[in-house]
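Worksheet: the structure to be examined is printed underneath.
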Amino acid sequence: MKSIIHTKGFKNMKKIMVVTSTRADYGLLRPVIKRIYDSDRLNLCLVATGTHLMEKYGNTVEEIEKDGFPIAHRIDIMKFGSGEYETAQTIAYTVQAFSELLVKDRPDMMIVLGDRYEMFAVCTAAATLSVPLAHISGGDVTVGAKDDFYRHCMTKMANLHFPSCPDSTKRVIQLGENPDTVHNVGGLGNENIHNVPLLSLEELEESLGFENLVPFALITYHPETQKGTKPTDEMAKLLAALDKVENLNLIFTKSNADAGGAEINEMVDRYCEQNSHRAKAFFSLGLKRYLSAMKYTSLVLGNSSSGVVETPAFGTPTVNIGDRQKGRFIAENVIQTTGETDSILSGIVRGLSDEHKEICKNVTNPYYAGCIASEEIVKIVTEYVYAENNTIKTFYDL
Numbered sequence: 045m046k047s048i049i050h051t052k053g054f055k056n057m058k059k060i061m062v063v064t065s066t067r068a069d070y071g072l073l074r075p076v077i078k079r080i081y082d083s084d085r086l087n088l089c090l091v092a093t094g095t096h097l098m099e100k101y102g103n104t105v106e107e108i109e110k111d112g113f114p115i116a117h118r119i120d121i122m123k124f125g126s127g128e129y130e131t132a133q134t135i136a137y138t139v140q141a142f143s144e145l146l147v148k149d150r151p152d153m154m155i156v157l158g159d160r161y162e163m164f165a166v167c168t169a170a171a172t173l174s175v176p177l178a179h180i181s182g183g184d185v186t187v188g189a190k191d192d193f194y195r196h197c198m199t200k201m202a203n204l205h206f207p208s209c210p211d212s213t214k215r216v217i218q219l220g221e222n223p224d225t226v227h228n229v230g231g232l233g234n235e236n237i238h239n240v241p242l243l244s245l246e247e248l249e250e251s252l253g254f255e256n257l258v259p260f261a262l263i264t265y266h267p268e269t270q271k272g273t274k275p276t277d278e279m280a281k282l283l284a285a286l287d288k289v290e291n292l293n294l295i296f297t298k299s300n301a302d303a304g305g306a307e308i309n310e311m312v313d314r315y316c317e318q319n320s321h322r323a324k325a326f327f328s329l330g331l332k333r334y335l336s337a338m339k340y341t342s343l344v345l346g347n348s349s350s351g352v353v354e355t356p357a358f359g360t361p362t363v364n365i366g367d368r369q370k371g372r373f374i375a376e377n378v379i380q381t382t383g384e385t386d387s388i389l390s391g392i393v394r395g396l397s398d399e400h401k402e403i404c405k406n407v408t409n410p411y412y413a414g415c416i417a418s419e420e421i422v423k424i425v426t427e428y429v430y431a432e433n434n435t436i437k438t439f440y441d442l
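Add 44 to the 1-based position in the sequence shown for this note's numbering, that's all there is to it.
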């Protein structure tokens, strides 16, 4: 297996493998990847997998290519569909595929972010083969998604931890991790918001092919995989609420590859066809367009983590639906609703109100830790891989 690794010609440089599987985690990992790419002490080994390689999810690997980062490996794992049984098959296949990769191209450390099932499988392979792991965004709680237990399992396999807020930091330690390995660096999304050059409103409208875009809602809805309800029933209630809102354009970014996500995307496509005068859907907006849309939108709506973690930096009114993100720290700009149509509609009306807009202007961002997150992560990772570290972990008792 030939590995395309970014090398600088120095001897004995440490190889850092960064694994990205979705448009969402790549957007957050991008500043970390860039710092490793630019480092004179680290070699980047970038692995693209998951929905990045799927046409029906927008071939988002192309976003990585446009950024100019060399991709060392492309590991196709999404072969089995999106049901619960198929998800279990994907986990098993991913463990095997990444075990083979790590035996052939072993890094000095692997960096992963988040809580998706395929990343849990990647970590399982790495931990079993004693590859040191750095985990970003551990310690969060999301009651409505199975991501919750994947995330905590990933924490137990990791050697370094980079949670995004004080509450998450406490939980990682509560799970038995040594406080010396736990570093609250804040959310990586904040860094993108301040560093990525955003589009003007006119440029955004041209890019989306949508004249007179404002006012509009930016909508992302994923299945609640812990709830036991049908994702299509959940989505139908959201669409019913949108039907009752006038004079508001709609930009959808489509659902992920969780069980039920494909069915939600079919509903979104039909809805946009029936409401083409005011609604458009995209598999991925890409980082720059997404953040630009977040800047100009009147409302972020749905149950994506970005609605909770990233919108406080913009002071954007946000309506968080249902339990998928339940347990995360919620800033004042976020309005919580149930998944019922009337509750969603009430949240939208409140979110668009002048009163709530005033609240959003002065919101405190709980996901800012007073440092440049990517800089701190890469500094600590560099120190770790150049030190004499033992991958054997012991449980830290409180």
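Note that CB positions come from ideal geometry on N, CA and C, so glycine has one too.
Contact belief for alanine 280 with leucine 389 at Cβ below 8 Å, rounded distance in angstroms:
As a position in the sequence shown, residue 280 is number 236, starting the count at 1. As a position in the sequence shown, residue 389 is number 345, starting the count at 1. About 14 Å separates the two Cβ atoms, so there is no contact after all.
Compare the beta carbon distance of proline 207 and glycine 183 with 8 Å and say whether it is the shorter of the two.
For the purposes of this step, residue 207 is taken as residue 163 along the sequence shown, with counting starting at 1. For the purposes of this step, residue 183 is taken as residue 139 along the sequence shown, with counting starting at 1. Closer than 8 Å, so yes.
Separation of threonine 269 from isoleucine 308, as counted between CA atoms:
Here residue 308 corresponds to residue number 264 of the sequence shown, with the count starting at 1. Here residue 269 corresponds to residue number 225 of the sequence shown, with the count starting at 1. Spanning the two alpha carbons is a distance of roughly 13 Å.
Put lysine 59 into one of helix, strand or coil per three-state DSSP.
Here residue 59 refers to the residue found at position 15 when the sequence shown is read from its first residue. Lysine 59 falls in the strand class under three-state DSSP.
Three Cβ pairs or more, each shorter than 8 Å: is that satisfied between the region 305-320 and the region 333-343?
no
Does the beta-carbon of aspartate 277 have 16 or more other beta-carbons within 10 angstroms, so that it is buried, or is it exposed?
Working through the sequence shown from its first residue, we reach residue 277 at position 233. Looking at its Cβ environment, which holds fewer than 16 other Cβ atoms inside 10 Å, aspartate 277 is exposed.
Give me the DSSP bridge partner(s) of glutamine 380.
As a position in the sequence shown, residue 380 is number 336, starting the count at 1. Bridge partners of glutamine 380: Asn364.
Let's see if you can read the secondary structure: which residues bound the alpha helix (DSSP H) around glycine 305?
The sequence position of residue 305 within the sequence shown is 261, counting from 1. Start and end: 305-318.
Distance between threonine 64 and lysine 78 (C-alpha atoms, nearest Å):
Indexing the sequence shown from 1 puts residue 78 at position 34. Indexing the sequence shown from 1 puts residue 64 at position 20. Looking at the two C-alpha atoms, the distance is approximately 14 Å.
Can you round the beta-carbon distance between leucine 294 and alanine 323 to whole angstroms, since I take them to be within the 8 Å contact cut?
Here residue 294 refers to the residue found at position 250 when the sequence shown is read from its first residue. Here residue 323 refers to the residue found at position 279 when the sequence shown is read from its first residue. That pair is a contact at about 4 Å.
Taking its Cβ as the centre, do 16 or more other Cβ atoms sit within 10 Å of lysine 59, making it buried, or is it exposed?
To locate residue 59, count along the sequence shown from 1; it is residue 15. It counts as buried.
Alpha carbon to alpha carbon, how far is phenylalanine 327 from glutamate 354?
Walking along the sequence shown from the start, residue 327 turns up at place 283. Walking along the sequence shown from the start, residue 354 turns up at place 310. Cα to Cα, the separation comes out at about 19 Å.
Which residues in the same chain as asparagine 433 place their Cβ atom closer than 8 Å to its Cβ, once the five residues preceding and following it in sequence are excluded?
On the sequence shown, residue 433 is found 389 positions in, with the first residue counted as 1. The residues are Pro176 and Asn203.
Collapsed DSSP secondary structure at threonine 264 in the structure displayed
As a working note, residue 264 is residue 220 in the sequence shown. If DSSP states are grouped into helix, strand and coil, threonine 264 belongs with the strands.
Hey, how far is the Cα of histidine 179 from the Cα of histidine 227?
Mapped onto the sequence shown, residue 179 falls at position 135. Mapped onto the sequence shown, residue 227 falls at position 183. If I take the Cα positions, the gap works out to 10 Å.
Span of the beta strand (DSSP E) around threonine 297:
Here the question's residue 297 lines up with position 253 in the sequence shown. 293-297 is the span of the beta strand (DSSP E), which, as asked, contains threonine 297.
C-alpha gap between tyrosine 411 and proline 210, whole angstroms:
Taking the first residue of the sequence shown as position 1, residue 411 is located at position 367. Taking the first residue of the sequence shown as position 1, residue 210 is located at position 166. Going by the C-alpha atoms only, they are around 9 Å apart.
Span of the alpha helix (DSSP H) around alanine 169
Locating residue 169 in the sequence shown gives position 125, where the first residue counts as 1. Where alanine 169 is concerned, the enclosing alpha helix (DSSP H) stretches over 161-172.
Helix, strand or coil: how does DSSP classify isoleucine 436 here?
As a position in the sequence shown, residue 436 is number 392, starting the count at 1. Of the three classes helix, strand and coil, the one that applies to isoleucine 436 here is coil, per DSSP.
As a quick exercise: from Asn409, Asp111, Lys405 and Ile436, pick the residue whose alpha carbon is nearest that of leucine 173.
What you label residue 173 is simply residue 129 of the sequence shown in a count that begins at 1. That would be Ile436, whose Cα lies nearest to the Cα of leucine 173.
Tell me the DSSP secondary structure of glycine 414 in three-state form.
The count along the sequence shown starts at 1 and reaches residue 414 at position 370. Glycine 414 falls in the coil class under three-state DSSP.
Report the three-state DSSP secondary structure of valine 240 (helix, strand or coil).
As a working mapping, residue 240 is identified with position 196 in the sequence shown. Correct three-state label for valine 240: coil.
Taking contact to mean at least 3 C-beta pairs separated by less than 8 Å, is the region 151-166 in contact with the region 130-138?
yes
If you draw a straight line from the C-alpha of leucine 73 to the C-alpha of leucine 219, how long is it?
As a working mapping, residue 73 is identified with position 29 in the sequence shown. As a working mapping, residue 219 is identified with position 175 in the sequence shown. Cα to Cα, the separation comes out at about 24 Å.
Measuring alpha carbon to alpha carbon, tell me which of Ile80, Thr104 and Asn406 ends up nearest lysine 423.
Start at 1 with the first residue of the sequence shown, and residue 423 comes out as number 379. Residue Ile80 is the option with its Cα nearest to lysine 423.
Unbroken beta strand (DSSP E) run spanning methionine 98, endpoints:
Position 54 of the sequence shown, counted from the first residue, corresponds to residue 98. Unbroken run through methionine 98: none, as it is neither H nor E.
Determine the DSSP secondary structure at threonine 134, reduced to helix, strand or coil.
By 1-based counting over the sequence shown, the position of residue 134 is 90. Three-state result, threonine 134: helix.
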